[in-house]
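What follows is a set of notes on a single structure, which appears directly below.
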Amino acid sequence: QVQLVESGGGLVQAGGSLRLSCTASGRTDTSFALGWFRQAPGKEREFVAAISTRTGRGYYKDSVKGRFTVSRDAAKNTVSLQMNSLKPEDTGVYYCSSQGFGGSYDFWGQGTQVTVSS
1 QVQLVESGGG LVQAGGSLRL SCTASGRTDT SFALGWFRQA PGKEREFVAA ISTRTGRGYY
61 KDSVKGRFTV SRDAAKNTVS LQMNSLKPED TGVYYCSSQG FGGSYDFWGQ GTQVTVSS
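Start counting the sequence shown at 1; every next residue gets the next number (our numbering).
Have a look at this one:
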């Protein structure tokens with residue numbers, strides 16, 4: 001089991017920035033990657049970004065490339081998502097998730113709300 005707790009959401013104007021953080025605990029050695037997903041009202045949850053726990057390489061949804069940066073502090077078991085140049089379409093509940101070595105995202109945080117006003 002991996003427990004995940006997000007923080008850092010809020011309300012920001014378009015063009016602004018927010019930084020989300022996620023603290024992992026439990027069997028963090030079973031995490032192949034840590035990812036961020038979001039869900040807008042009336043839409044399905046979608047992948048935003050992820051970072052490999054082995055290589056530190058980041059992966060991004062096309063629409064956030066160049067604006068979002070995912071990073072990890074292995075010593076603190078935290079993963080962060082720096083979001084710049086935010087757009088109203090970035091609005092949603094953002095979830096942190098742990099990807100196991102089998103490839104599936106098995107564990108999820110409770111989510112944190114991000115609202116970008118136009």
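In this text, a Cβ means the ideal position worked out from N, Cα and C, and glycines have one as well. Computed from a predicted model, the values in this text were never measured in an experiment.
Taking C-alpha atoms, which residue in the options lies nearest to residue i?
| i | options | result |
| --- | --- | --- |
| E44 | S117, S97, G92 | G92 |
| S31 | G100, S104, Y95 | G100 |
| A50 | S117, Q113, C22 | C22 |
| D73 | A40, L81, R38 | L81 |
| R54 | S25, F68, D29, L18 | D29 |
State yes or no: is the C-beta of residue i within less than 8 Å of the C-beta of residue j?
| i | j | result |
| --- | --- | --- |
| A33 | S52 | yes |
| V5 | R27 | no |
| Y94 | V70 | no |
| L20 | T112 | yes |
| K61 | V79 | no |
Go ahead and label residue i buried or exposed: buried means 16 or more other beta carbons lie within 10 angstroms of its beta carbon, across all protein chains shown.
| i | result |
| --- | --- |
| G109 | buried |
| S98 | buried |
Pick helix, strand or coil for residue i, following the three-state DSSP scheme.
| i | result |
| --- | --- |
| E44 | coil |
| T112 | strand |
| S31 | coil |
So what does residue i bridge to, in DSSP terms?
| i | result |
| --- | --- |
| L18 | M83 |
| D73 | T78 |
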